[in-house]
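All residue numbers for the sequence shown refer to the UniProt record's numbering, where the first residue is 1 and numbers rise by one.
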Amino acid sequence: MRVLAICGSLRAASLNRKLLRVAAEVAPEGMAVEEAPIGGIPIFDEDIEAKGLPDSVAGLRERCFAADALLFVTPEYNYGVPGGLKNAVDWLSRRVEGKQPFAGKPCAMMGASGGMGGTIRAQLQLRQSLQLLGALTMPGPEVFVTQANGRFDADGNLTDAPTRAAVEKLMAAFGQWIARMKG
Ligand SMILES: Cc1cc2nc3c(=O)[nH]c(=O)nc-3n(C[C@H](O)[C@H](O)[C@H](O)COP(=O)(O)O)c2cc1C
1 MRVLAICGSL
11 RAASLNRKLL
21 RVAAEVAPEG
31 MAVEEAPIGG
41 IPIFDEDIEA
51 KGLPDSVAGL
61 RERCFAADAL
71 LFVTPEYNYG
81 VPGGLKNAVD
91 WLSRRVEGKQ
101 PFAGKPCAMM
111 GASGGMGGTI
121 RAQLQLRQSL
131 QLLGALTMPG
141 PEVFVTQANG
151 RFDADGNLTD
161 APTRAAVEKL
171 MAAFGQWIAR
181 MKG
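Right, here's the structure in full:
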């Protein structure tokens, strides 16, 4: 089972990318999680699209189609989905030859933020967009990592055992969700 993971933060030291790596570590047997970077994708513009999909978008699109499922690991920016992630979703949402990769695709999400909301608002927004696109988004369990800075050490290791356990629980449920949705 191949899960393509998309991190909503572009920065090198992203805590969400660290969380993504934890998700890959604790993924159930038989599930491989790999990250697809979304940096470098141009801002969505129908005039660019009319000239053909940029290579960065076409490559990401192919990887999404090829994956059994998608995992989003995202921070929250100003109570919403970070622009870079929304931009990637907007590009991928476009039908090419009648197809877009979210339709019927099992998806899950988690996120870490500095505040007390732990990305709850960003995740709700992302769920809404995925609903429109026909994704099969797992309803729960949910993972909202609040005050994320205090849960990782200086080397980026997740030191908070309850957070690790919550990620492991989500990934186990995701494995079952994917099997059910594909069955
Ligand atoms: C533009 C911007 C907006 C932010 N808005 C929020 C927010 O609405 N809620 C929140 O909890 N944290 C917010 N933060 C703090 C981020 O949660 C924090 O920087 C987090 O570590 C970013 O994720 P990353 O480490 O994966 O890059 C914001 C950060 C930035 C840069």
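Beta carbons are placed, not taken as given, at the ideal position from N, Cα and C, and that holds for glycine.
Local conformation of Phe174 per DSSP, three classes: Under the three-state reduction of DSSP, Phe174 is assigned to helix.
Three or more beta-carbon pairs under 8 Å between the segment 124-141 and the segment 79-88, yes or no? At 8 Å Cβ cutoff, the stretches touch.
Which one of Gly183, Met171, Pro162, Arg180 has the shortest CA to CA distance from Phe72? Taking only the C-alpha atoms, the option nearest Phe72 is Met171.
Within the present structure, is the beta-carbon of Asn78 separated from the nearest heavy atom of ligand 1 by less than 7 Å? For Asn78, the distance from the CB to the nearest heavy atom of ligand 1 is below 7 Å.
Does the beta-carbon distance from Met111 to Val145 come in below 8 Å? The question names Met, but residue 111 in the sequence shown is Gly. Closer than 8 Å, so yes.
In chain order, what are the residue ranges of uninterrupted beta strand (DSSP E) at least 3 long that sit wholly in the UniProt domain "NADPH-dependent FMN reductase-like" (1-149)? Listed in chain order, the complete beta strand (DSSP E) runs (minimum 3 residues) inside the UniProt domain "NADPH-dependent FMN reductase-like" (1-149) are 2-7, 32-35, 69-73, 106-112.
Straight-line Cα distance separating Leu158 from Arg21: As the crow flies, the alpha-carbon of Arg21 is around 10 Å from that of Leu158.
Please report the distance separating the alpha-carbon of Arg151 from that of Leu19. Between the C-alpha atoms of Arg151 and Leu19 there is a straight-line separation of about 10 Å.
Any heavy atom of ligand 1 closer than 7 Å to the CB of Arg11? Arg11: yes, Cβ under 7 Å from ligand 1.
Could you check if Leu132 is buried or exposed, using at least 16 other CB atoms within 10 Å of its CB as the buried criterion? Residue environment analysis places Leu132 among the exposed positions, since fewer than 16 neighbouring C-beta atoms fall within 10 angstroms of its C-beta.
Nearest CA to the CA of Gln100: which residue from Gly115, Arg63, Leu85? Checked all of Gly115, Arg63, Leu85; the closest Cα to Gln100 is Arg63.
Report yes if the C-beta distance between Phe174 and Ala103 is below 8 Å; otherwise report no. Not a contact, by the Cβ cut-off of 8 Å.
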